[in-house]
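Residues 4 to 470 (the numbering used here) make up the sequence shown, in order. No residue lacks a Cβ here, since even glycine has one placed at the ideal position from N, Cα and C. What follows is a set of notes on a single structure, which appears directly below.
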Amino acid sequence: MTDFDVLVLGSGPGGQKAAIAAAKLERRVAIVERRDMIGGVCINTGTIPSKTLREAVLYLTGLTQRDMYGQSYRLKEDITVTDLTVRTRHVVGREVDVIRNQLARNRVTVLTGSGHFVDPHTVAVVDERGNEMKVTADKIIVATGTRPARPASVQFDDQTIIDSDGILQMDRVPDSMVVVGAGVIGIEYASMFAALGTKVTVVERRERMLDFCDLEVVEALKYHLRDLAVTFRFGETVAAVEKHPRGALTILESGKKIPASTVMYSAGRQGMTENLVLSAAGLAADDRGRITVDEFYRTSVPHIYAVGDVIGFPSLAATSMEQGRLAAYHACDEPVSGMNQLQPIGIYTIPEISFIGKTEDELTDSLIPFEVGVSRYRELARGQIIGDTYGMLKLLVSPEDRSLLGVHVFGTGATELIHIGQAVMGCGGTIDYLVDAVFNYPTLAESYKVAALDAVNKLRRVARITD
Ligand SMILES: Cc1cc2nc3c(=O)[nH]c(=O)nc-3n(C[C@H](O)[C@H](O)[C@H](O)COP(=O)(O)OP(=O)(O)OC[C@H]3O[C@@H](n4cnc5c(N)ncnc54)[C@H](O)[C@@H]3O)c2cc1C
Numbered sequence: 004m005t006d007f008d009v010l011v012l013g014s015g016p017g018g019q020k021a022a023i024a025a026a027k028l029e030r031r032v033a034i035v036e037r038r039d040m041i042g043g044v045c046i047n048t049g050t051i052p053s054k055t056l057r058e059a060v061l062y063l064t065g066l067t068q069r070d071m072y073g074q075s076y077r078l079k080e081d082i083t084v085t086d087l088t089v090r091t092r093h094v095v096g097r098e099v100d101v102i103r104n105q106l107a108r109n110r111v112t113v114l115t116g117s118g119h120f121v122d123p124h125t126v127a128v129v130d131e132r133g134n135e136m137k138v139t140a141d142k143i144i145v146a147t148g149t150r151p152a153r154p155a156s157v158q159f160d161d162q163t164i165i166d167s168d169g170i171l172q173m174d175r176v177p178d179s180m181v182v183v184g185a186g187v188i189g190i191e192y193a194s195m196f197a198a199l200g201t202k203v204t205v206v207e208r209r210e211r212m213l214d215f216c217d218l219e220v221v222e223a224l225k226y227h228l229r230d231l232a233v234t235f236r237f238g239e240t241v242a243a244v245e246k247h248p249r250g251a252l253t254i255l256e257s258g259k260k261i262p263a264s265t266v267m268y269s270a271g272r273q274g275m276t277e278n279l280v281l282s283a284a285g286l287a288a289d290d291r292g293r294i295t296v297d298e299f300y301r302t303s304v305p306h307i308y309a310v311g312d313v314i315g316f317p318s319l320a321a322t323s324m325e326q327g328r329l330a331a332y333h334a335c336d337e338p339v340s341g342m343n344q345l346q347p348i349g350i351y352t353i354p355e356i357s358f359i360g361k362t363e364d365e366l367t368d369s370l371i372p373f374e375v376g377v378s379r380y381r382e383l384a385r386g387q388i389i390g391d392t393y394g395m396l397k398l399l400v401s402p403e404d405r406s407l408l409g410v411h412v413f414g415t416g417a418t419e420l421i422h423i424g425q426a427v428m429g430c431g432g433t434i435d436y437l438v439d440a441v442f443n444y445p446t447l448a449e450s451y452k453v454a455a456l457d458a459v460n461k462l463r464r465v466a467r468i469t470d
């Protein structure tokens with residue numbers, strides 16, 4: 004008999020939810036995690052610290068209140084790293100506690116150390132003193148996540164030239180910063196530092212950023228970031244980053260030189276598989292350290308599953324959790340219906356972005372006709388009350404059956420508001436539901452009704468002409 008029914012490697016969102024789901028199904032479960040990393044990248048270095056930092060920035064800078072109280076309004080003049088990290092440490096500490104408690108309550112054994120395969124059913128766990136313990140399991144779920152990719156051409160020193168993990172170790176708020184890579188992580192941190200008053204330059208190899216989002220929304224974000232003194236260098240490649248006594252010099256292939264006190268390199272992430280000895284289990288990873296799985300999250304060795312960032316796209320905490328639960332259910336012979344295809348995307352820039360379903364570009368490329376219904380926060384009483392006059396919600400509607408094809412939100416509460424659209428789309432609702440629904444007043448949720456009315460009015464105009 005094996006030591007455990009299910010053994011999970013990594014306690015990020017994917018591993019955690021897999022372990023708890025298997026425990027709820029009354030299996031003997033263990034989770035392997037390195038010391039001080041309970042909760043994974045999500046809790047310790049990624050999602051939770053970055054979102055808490057954003058909250059601290061918004062609160063301390065008073066940025067969202069300036070429409071009301073004037074552009075000079077600030078809660079605190081000189082914001083220090085300590086002001087910012089107090090909140091982050093508090094939240095991370097509490098979250099780790101919640102996870103430890105959940106694992107204990109569900110009788111999941113926590114094995115502290117780094118795990119690697121010895122054979123397809125055996126994992127060795129090595130703690131920080133080098134002590135090794137071997138454990139066996141019927142089913143194994145790999146949820147070891149990723150780490151920031153560090154190109155060899157960049158001399159990271161964790162002080163002046165950092166990756167996204169280094170943000171949390173900074174000793175001061177820099178007066179200038181170059182962010183290399185305008186992906187989600189890069190642009191989220193660019194907005195936070197711009198809000199703090201850091202002069203930010205974003206360098207991106209491609210001509211566009213966040214090209215999977217609605218173009219109009221991305222344009223609105225760029226306008227806001229430029230207003231916070233962010234400079235964009237699109238279509239530019241970094242040739243070298245030099246460290247000097249007074250800061251760093253980012254040299255672009257076009258010959259431009261950008262001086263800054265800090266450079267944050269945000270150039271993708273690498274799967275944490277190099278120490279797993281995958282070959283001992285009959286597995287291999289690709290050149291970015293990722294493991295291939297089937298629709299049930301099974302690897303090519305059927306009793307070994309992989310979930311979360313280590314399997315690649317979409318690499319979100321939200322999806323990793325669900326993959327973990329689905330993999331555990333499948334491993335425990337519980338019926339599974341597969342991953343719901345309708346998934347929201349949330350980007351915590353300042354202002355924030357969220358969407359679900361298709362973009363205008365995708366629909367146009369696929370020759371799918373659509374009508375657009377728009378609501379602007381400045382026309383909502385709640386928008387005026389909170390001082391958000393730039394926010395907007397956009398519905399993309401099928402003229403054929405009036406179903407929602409996509410919902411795009413920009414501004415305060417976007418990542419929360421999107422779930423109304425998700426529920427309507429998920430239940431196959433039409434804009435007529437939104438037109439007829441009564442929403443609390445004054446709320447931002449009302450924007451759904453306003454946008455639905457806008458779309459209905461446009462559809463009526465088309466129908467009148469062709470009648
Ligand atoms: C700065 C930043 C901001 C982000 N913001 C968001 C956001 O707003 N929303 C969102 O949905 N997602 C966000 N993400 C992505 C999110 O954090 C990840 O998608 C999520 O954490 C992936 O979960 P996971 O289960 O794959 O494991 P991870 O959270 O990556 O954790 C993996 C764990 O495995 C452990 N591990 C690795 N190797 C071993 C081993 N050999 N033995 C034992 N343990 C091992 C590691 O120590 C780690 O704790 C963000 C990421 C970053 C970096």
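Comparing the CB of Q19 with every heavy atom of ligand 1, is any distance shorter than 8 Å?
yes
Let me check understanding here. Comparing Cα to Cα, which of L370, H411, T352 and G394 lies closest to G360?
H411
Unbroken alpha helix (DSSP H) run spanning G360, endpoints
Counting along the chain, G360 falls outside any alpha helix (DSSP H), though it belongs to the beta strand (DSSP E) covering I356 to G360.
Any chance you could list the beta strand (DSSP E) runs of at least 3 consecutive residues sitting entirely within the segment 117-161, in chain order?
117-122, 125-129, 135-145 and 149-151
Inspect the beta-carbon positions of K397 and G376 and report whether they are closer than 9 Å.
yes
Taking DSSP as the reference, what is the three-state secondary structure of Q425?
helix
Under the three-state DSSP convention, the category Q273 falls into
strand
Suppose the cutoff is 6 Å on Cβ atoms and the five residues either side in sequence are ignored; what does the same chain contact list for T446 look like?
R385
Using DSSP with H/G/I as helix, E/B as strand and the rest coil, what is F413?
strand
Any heavy atom of ligand 1 inside 8 Å of the beta-carbon of V95?
no
Which residues in the same chain have their Cβ closer than 7 Å to the Cβ of A448, if we skip the five residues on either side of it in sequence?
L420, I423 and F442
Mind checking whether the beta-carbon of M312 lies closer than 8 Å to any heavy atom of ligand 1?
Reading off the sequence, residue 312 comes out as Asp, not Met. Result yes, Cβ under 8 Å from ligand 1.
For K246, the residue or residues it bridges with in DSSP
A251
For I165, three-class secondary structure by DSSP:
strand
Does the segment 56-67 come close enough to the segment 23-31 to have 3 or more Cβ pairs within less than 8 Å?
no
From V465, G271, A263 and Q344, pick the residue whose C-alpha is nearest to that of V181; which is it?
A263
Does the beta carbon of P354 fall short of 8 Å from some heavy atom of ligand 1?
no
Contact set for Q473: own chain, Cβ-Cβ below 7 Å, skip 5 residues either direction:
Missing from the structure shown is residue 473; the chain here goes from 4 to 470 and no further.
Would T265 be called buried (16 or more neighbouring beta carbons within 10 Å of its own) or exposed?
buried
Nearest residue (CA-CA) to Q74, options E80, D81 and L66:
L66
DSSP three-state call for Y3: helix, strand or coil?
Any answer about residue 3 is impossible in this case: the structure gives the chain only from 4 up to 470.
Beta-bridge pairing of Y192 - partner residues as DSSP gives them:
Answer is none; Y192 lacks a bridge partner.
Note down, in chain order, each residue of its chain lying with its Cβ closer than 6 Å to the Cβ of K190, except the 5 sequence neighbours on either side.
Reading the sequence as shown, one finds Ile at residue 190 and not Lys. Hits under 6 Å: T352.
Kindly indicate which three-state DSSP category S179 falls into: helix, strand or coil?
strand
CA nearest to the CA of F316, picked from F215, E239 and L224:
F215
Does ligand 1 have even one heavy atom less than 8 Å from the beta-carbon of C45?
yes
Who does S111 pair with in a DSSP beta bridge?
It should be noted that the sequence gives Val, not Ser, for residue 111. The partner list for V111 (beta bridge, DSSP) is empty, contrary to what the question assumes.
Taking the straight line between their C-alpha atoms, what separation do you get for Q68 and Y451?
24 Å
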